[in-house]
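Notes to accompany the following structure.
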Amino acid sequence: MTEAVERQMELTLPMIEDIEIAVVKTASDLARELGMSGDQIDEIAHAVVEACINAREHACCDDQRIYLRFAGTSSDEGKPKLEIWVTDHGRGFDPETAKAHRQHRSPGSPRKRGWGLQIMEAHMDRVDIESGPSGTTIHMVKYGERRER
Amino acid sequence: MTEDLKVAVQRRGDAAILYTKGYINNLGGEEIANRAYELMDDGVRMLLLNLRETKIVNSIGISILIEVIEKMAERDGKIAFCCLTPVIQKTFQIMGLAQYAQIFTDEENAVRELNLTASA
Chain A
1 MTEAVERQME
11 LTLPMIEDIE
21 IAVVKTASDL
31 ARELGMSGDQ
41 IDEIAHAVVE
51 ACINAREHAC
61 CDDQRIYLRF
71 AGTSSDEGKP
81 KLEIWVTDHG
91 RGFDPETAKA
101 HRQHRSPGSP
111 RKRGWGLQIM
121 EAHMDRVDIE
131 SGPSGTTIHM
141 VKYGERRER
Chain B
150 MTEDLKVAVQ
160 RRGDAAILYT
170 KGYINNLGGE
180 EIANRAYELM
190 DDGVRMLLLN
200 LRETKIVNSI
210 GISILIEVIE
220 KMAERDGKIA
230 FCCLTPVIQK
240 TFQIMGLAQY
250 AQIFTDEENA
260 VRELNLTASA
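Keeping their order, the protein sequence lines are chains A and B.
Start counting the first sequence at 1; every next residue gets the next number (the numbering used here).
Start counting the second sequence at 150; every next residue gets the next number (the numbering used here).
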C-alpha cells in the first residue's frame, strides 16, 4: 500500500535583509518531512538563499515582495521531490547573457560576485529561469533518495 | 529574523584561529573581515577559520572571505579553513575559494599541517 505525502505552500515575504532565513526554514522543514537527507536539505537551503538574494539584489521592483511556492511529493514507490518557485516582480534579466558572462571568465581569475546561478545549479537537480520586463521566476527541483521498502 | 554571526578568536603566536557561529552573509563576512584585519595589523600572518558552528553561507559572505584571503596574501600571509559542512565545501569550490586557501577536515589536522604554535 502506498502512503503518499503531498505538500503545497505559498508565501509572500518582504524584501528585507536576511528574509532568506525564513525561506530556508520553510524549505528545510518541508524537505525533512519528505524524507530528504541532511546534505540534501543543506543543498536546498543554499540554493534558496541564492535565489532570494538574487530577487532582493537585482529585482528593483516597486512592490518589494518575494513570492514563493513550494510543492513536495513523496511516496514509497518514488523519490521524494521538492519544487520551489521564487518570483519577483522586478525588471528581469537575460539568463543567457548571465550565462555568457560566466563562460567568458578565465579559470582561476577571482570574480567575487555573480555566482548565485551557478550555486543554485550545483546544489539542485534542475533550475529553470523565466525572466522578462514584469519579473523573474526561478524554478528549482530537488529529488531525494528512493526510500528503502 | 537576523541571525548574527559570532566570532571568537584564539591567538597562537603569529597565528590565530577564528571560530565562527552562525550565518555568513554580508554582515557576517564583514564581521570576520574586521576581526581578520585587526589580527593582520597586529602581526598575524596565518589565520585558520574554523566553521564548525556555521551551517549556512551565501555568495556575498564568501566574496568577502575572498577579499580577506587576497589582503592576507598581499602581506605574504595565509588563510585556511577547517570543519566545513560538505555543502559549504562544495560552495567554496564552486566560487573558487578552494584555489586560494587550504581546507582541512578538522582542526587537529589543520593545526598539525600548518604548524600552529600553542596559544601565546
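All residues carry an ideal CB built from backbone N, CA and C; glycine is no exception.
All values derive from a computational prediction rather than experimental measurement.
Less than 8 Å between the C-beta atoms of residue i and residue j, yes or no?
| i | j | result |
| --- | --- | --- |
| R201(B) | V156(B) | no |
| V24(A) | V48(A) | yes |
| A22(A) | L13(A) | yes |
| M189(B) | M221(B) | yes |
| D39(A) | P235(B) | yes |
| R65(A) | L30(A) | no |
| E83(A) | H123(A) | no |
| A247(B) | F253(B) | no |
| P95(A) | S37(A) | no |
| I44(A) | R32(A) | no |
| G162(B) | R194(B) | no |
| G35(A) | G144(A) | yes |
| F230(B) | L198(B) | yes |
| G178(B) | G171(B) | no |
Give the secondary structure of residue i by DSSP, where H, G and I count as helix, E and B as strand, and everything else as coil.
| i | result |
| --- | --- |
| D225(B) | coil |
| L214(B) | helix |
| V32(A) | The residue asked about is misnamed: residue 32(A) is Arg in this sequence, not Val. It is helical. |
| S74(A) | strand |
| I252(B) | strand |
| T26(A) | helix |
| M15(A) | coil |
| T97(A) | helix |
| I66(A) | strand |
| D191(B) | coil |
| M9(A) | strand |
| A164(B) | strand |
Since residue i is in the beta strand (DSSP E), which residue starts that stretch and which ends it?
| i | result |
| --- | --- |
| Y172(B) | Unbroken run through Y172(B): none, as it is neither H nor E. |
| P80(A) | That residue, P80(A), is in no beta strand (DSSP E); it is neither H nor E in DSSP. |
| E130(A) | R126 to G132 |
| H139(A) | G135 to Y143 |
| K155(B) | K155 to R161 |
| N199(B) | M195 to E202 |
Rounded to whole angstroms, what is the Cα-Cα separation between residue i and residue j?
| i | j | result |
| --- | --- | --- |
| I173(B) | N207(B) | 6 Å |
| V141(A) | F93(A) | 21 Å |
| A165(B) | A51(A) | 34 Å |
| C61(A) | I228(B) | 39 Å |
| I181(B) | S75(A) | 44 Å |
| G135(A) | V86(A) | 11 Å |
| R261(B) | L233(B) | 17 Å |
| L167(B) | Q159(B) | 7 Å |
| M15(A) | D88(A) | 10 Å |
| L196(B) | E121(A) | 31 Å |
| I215(B) | A250(B) | 9 Å |
| K81(A) | M9(A) | 14 Å |
Measuring from the CB of residue i, is there a heavy atom of the ligand COA at a distance below 7 Å?
| i | result |
| --- | --- |
| N258(B) | With respect to the ligand COA, the structure shown offers nothing to examine, as it has no ligands at all. |
What span of residues does the alpha helix (DSSP H) with residue i cover, start to end?
| i | result |
| --- | --- |
| V49(A) | G38 to H58 |
| G92(A) | From DSSP, G92(A) is part of no alpha helix (DSSP H); its letter is neither H nor E. |
| T240(B) | P235 to I243 |
| L265(B) | No alpha helix (DSSP H) holds L265(B); DSSP gives it neither H nor E. |
| A122(A) | G116 to H123 |
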